[in-house]
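Asker:
Residue numbers (this note's numbering): 3 to 604.
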């Protein structure tokens, strides 16, 4: 869609149409709502002033890229948003040339923009990287590492700071507001440039006084921090005023320097129910747009709710329990604990590395930390897990929500790799519950366990409820759920035990079914006895095959010189997993109950 010829009134009308389109599709498909409604005008002004795809548009996290998608040739496809085979809820280069980079995790945009700026300089091209980053993403250290280098290099680059909660800097008083508006205009930027040239020619004493005056003005404006880093600053600008945005972006484009454009927006703009910093409207399931009520509500407690209630129960009993999450208090279930025990549970914002390391120190001080972070986001703190937790053998508990296929969020969010990357770390123990009753037993075990422990559990509901009786958890001990002297064993880990059970029911067979409970350490005695009579082991785990449960068990057999057991794993093949409903994605991977049943040889 070419919008450069549109007049201001037509652009404003387009913004209304886009909001209606986003609301209609997201209320049907689910997705990120408030963040996208808040950047409609920003995205329109970006497409109006800059020249994508020649100018790389880099969206931080990219969950706020819906308007960009609509403006870059995907209006008719937008109904397929987040559906299997449809367009992604994030930027995806193989979907469109307008999507410069894939994104799904926070705070990568400025680093990408710096890299693009370096490449553009080396190739001597007339292109300008444009990054859109939310204020929350500036809570991660990676953003500051990139800003630090950019301020030193001075390569042309525009960074649009979407400040939707005034969390970067709140203008103080009418004078500050007036000065900020003035600084967003072309007159001030041109004036500032002339003054800097003049200062170079003035005597040192006069230049010193002029510099002090400029610093005094900057002290009551929000741009001081960025300018100290060596970046030009424009703003704050009203992020819903297209005319002002076009003006500010045009100034930034012509400066040929690294520039921060600070735009203040309202999340959920245009849909009153979702307006403001309301976490529940950040990511939504399908809902009725008339009243905002979700269309489907499960009566069964999901794994996150179970974790939250179990940890709350433990924290009420033991006052040395503390906990942390990284910008996901409701998503991880820690919100209830932060509200109940505000001095013992914290949200560090988007700072997984800091979250883990801060809890390592608390463990050393005698506390019992529970670190609630999605499986996919735990990847961001891998060095801290090794360096700050494992080496000292500290009793932290990694509580990894969204383990396995998470559905519509796709490649960047699938919880496929935590078993593979944690199994390699000395001192770590890995456990997973199959249902709510075993989750309770594992949580009870976790409190008294004095080494690093990682617990993984799924998004949504467990596949089992009360089909099997729980057992008291002992380190490295598995549970035999059903036993048969035939040749076949179904070995499950975590929520995938349910799939093992359901495949057996589907085939109307009665194999020996094992719940590993622990994948590290293994129950060696049970597995050695199993290998004596059961020569076909079918492995069920919601995880990557490379480095996963099947390979761990294969290694165990090899170490024990057992050569007559055949292992067949139904874990994920060595590729990234696309977005879509979990059932459709599993069908595409040939790991649905029906597809697995076809591969079972008795």
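Quick reminder that beta carbons are idealized off the backbone N, C-alpha and C, glycines included.
Just so it is clear, the structure is predicted and the values come from calculations on it, not from any experiment.
In whole angstroms, what is the alpha-carbon distance linking residue 472 and residue 481?
Answerer: Near 9 Å, if we compare the C-alpha coordinates of residue 481 and residue 472.
Asker: On the criterion of 16 or more Cβ atoms from any shown chain inside 10 Å, does residue 218 qualify as buried, or is it exposed?
Answerer: For residue 218, the predicted structure reports a pLDDT of 49, less than 50, and the residue's modelled location is therefore unreliable. A value from the coordinates is still provided. By the 10 Å Cβ count, residue 218 comes out exposed.
Asker: To the nearest angstrom, how far is it from the Cα of residue 402 to the Cα of residue 283?
Answerer: If you take the alpha carbons of residue 402 and residue 283, they lie about 23 Å apart.
Asker: If distances are taken between C-alpha atoms only, which option among 363, 330, 78 and 563 comes closest to residue 397?
Answerer: Among 363, 330, 78 and 563, the Cα nearest to that of residue 397 is on 363.
Asker: Exposed or buried, residue 3, counting other C-beta atoms within 10 Å across all chains shown (16 or more means buried)?
Answerer: Exposed, because fewer than 16 other Cβ atoms sit within 10 Å of the Cβ of residue 3.
Asker: What residue range is occupied by the uninterrupted beta strand (DSSP E) comprising residue 159?
Answerer: Start and end: 159-165.
Asker: What do you reckon, are the CB atoms on residue 466 and residue 500 nearer than 8 Å?
Answerer: Against a cut-off of 8 Å, the Cβ pair of residue 500 and residue 466 comes out as a contact.
Asker: Between residue 377 and residue 549, is the Cβ-Cβ spacing less than 8 Å?
Answerer: Contact: no.
Asker: Please list, in chain order, all residues of the same chain as residue 114 whose beta carbon is under 6 Å from its beta carbon, the five residues on each side excluded.
Answerer: Contacts found: 60 and 103.
Asker: Report buried or exposed for residue 175, applying the criterion of at least 16 other Cβ atoms within 10 angstroms of its Cβ.
Answerer: With a pLDDT of 44 at residue 175, under the threshold of 50, the modelled position of that residue is not reliable, and the figure given next carries that caveat. With fewer than 16 Cβ atoms within 10 Å of its Cβ, residue 175 is classed as exposed.
Asker: Give the straight-line distance between the Cα atoms of residue 156 and residue 48, rounded to the nearest whole angstrom.
Answerer: About 21 Å.
Asker: Bridge partners of residue 134, per DSSP?
Answerer: In the DSSP output, where bridge partners are listed per residue, residue 134 has 61 and 162.
Asker: So, residue 373 versus residue 361, is the Cβ gap smaller than 8 Å?
Answerer: Cβ distance < 8 Å, so residue 373 and residue 361 count as in contact.
Asker: Which word fits residue 289, buried or exposed, when buried means at least 16 other C-beta atoms lie within 10 angstroms of its C-beta?
Answerer: Under this definition residue 289 is a buried residue.
Asker: Got a sec? Which residues, its chain only, sit under 6 Å from residue 67 by beta carbon, not counting five neighbours each side?
Answerer: Result list for residue 67: 61 and 93, in chain order.
Asker: With 16 as the cutoff for other CB atoms within 10 Å, does residue 603 come out buried or exposed?
Answerer: The residue in question, residue 603, is exposed, as its Cβ has fewer than 16 Cβ neighbours within 10 Å.
Asker: Please determine, among 527, 392 and 341, the residue with the shortest C-alpha to C-alpha distance to residue 318.
Answerer: Nearest C-alpha to residue 318: 341.
Asker: Considering just the uninterrupted stretch of the alpha helix (DSSP H) at residue 503, what are its terminal residues?
Answerer: Start and end: 499-509.
Asker: Under the rule that 16 or more other beta-carbon atoms within 10 Å means buried, what is residue 123, buried or exposed?
Answerer: Exposed, since its Cβ has fewer than 16 Cβ neighbours within 10 Å.
Asker: Would you list, in sequence order, the uninterrupted beta strand (DSSP E) runs of no fewer than 3 residues that lie entirely inside the stretch 552-597?
Answerer: Those beta strand (DSSP E) runs which fall completely within the stretch 552-597 and span 3+ residues are 568-571.
Asker: Tell me the rounded alpha-carbon separation between residue 24 and residue 311.
Answerer: Computed Cα separation, rounded: 35 Å.
Asker: Relative to the C-alpha of residue 534, which candidate in 149, 488 and 305 has its C-alpha closest?
Answerer: Checked all of 149, 488 and 305; the closest Cα to residue 534 is 488.
Asker: Report yes if the CB atom of residue 493 is closer than 8 Å to the CB atom of residue 457, and no otherwise.
Answerer: No.
Asker: Check whether the stretch 36-48 touches the stretch 269-280, counting contact only when three or more Cβ pairs, one atom from each stretch, lie closer than 8 Å.
Answerer: Contact between the stretch 36-48 and the stretch 269-280 is present, because at least three Cβ pairs lie under 8 Å.
Asker: Return yes when the Cβ of residue 545 is within less than 8 Å of the Cβ of residue 503, no when it is not.
Answerer: It is not a contact, given that the beta carbons lie outside the stated cut-off.
Asker: According to the neighbour-count rule (16 or more other Cβ atoms, all chains shown, within 10 Å of its Cβ), is residue 305 buried or exposed?
Answerer: Classification for residue 305: buried.
Asker: Counting only the same chain and skipping the five closest in sequence on each side, list residues whose C-beta sits under 6 Å from that of residue 584.
Answerer: These residues qualify, in order along the chain: 407 and 409.
Asker: Can you name, in chain order, every residue of its own chain whose Cβ lies under 6 Å from the Cβ of residue 448, other than the five neighbours on each side?
Answerer: Within the same chain, residue 448 has close Cβ partners 399 and 455.
Asker: Should residue 100 be labelled buried (16 or more other beta-carbon atoms within 10 Å of its own) or exposed?
Answerer: Label assigned to residue 100: buried.
Asker: Under the rule that 16 or more other beta-carbon atoms within 10 Å means buried, what is residue 527, buried or exposed?
Answerer: Under this definition residue 527 is an exposed residue.
Asker: Could you name the residues of the same chain whose beta carbon sits closer than 8 Å to that of residue 170, not counting the 5 residues immediately before and after it, in chain order?
Answerer: In this predicted model, residue 170 has a pLDDT of only 41, less than 50, meaning its place in the structure is not dependable; the value taken from the coordinates is given anyway. Result list for residue 170: 137, 140, 163, 224 and 264, in chain order.
Asker: Do three or more CB pairs link the stretch 322-334 to the stretch 427-440 at distances below 8 Å?
Answerer: In short, these stretches do not touch, since the Cβ pair count stays below three.
Asker: Report the CB separation of residue 417 from residue 433 in whole angstroms; it is logged as a contact under 8 Å.
Answerer: Their Cβ separation, rounded to whole angstroms, is 15 Å, which puts residue 417 and residue 433 out of contact at 8 Å.
Asker: Taking only the alpha-carbon atoms, compute the straight-line gap between residue 11 and residue 18 and give it to the nearest angstrom.
Answerer: In a straight line, the C-alpha of residue 11 is about 11 Å away from that of residue 18.
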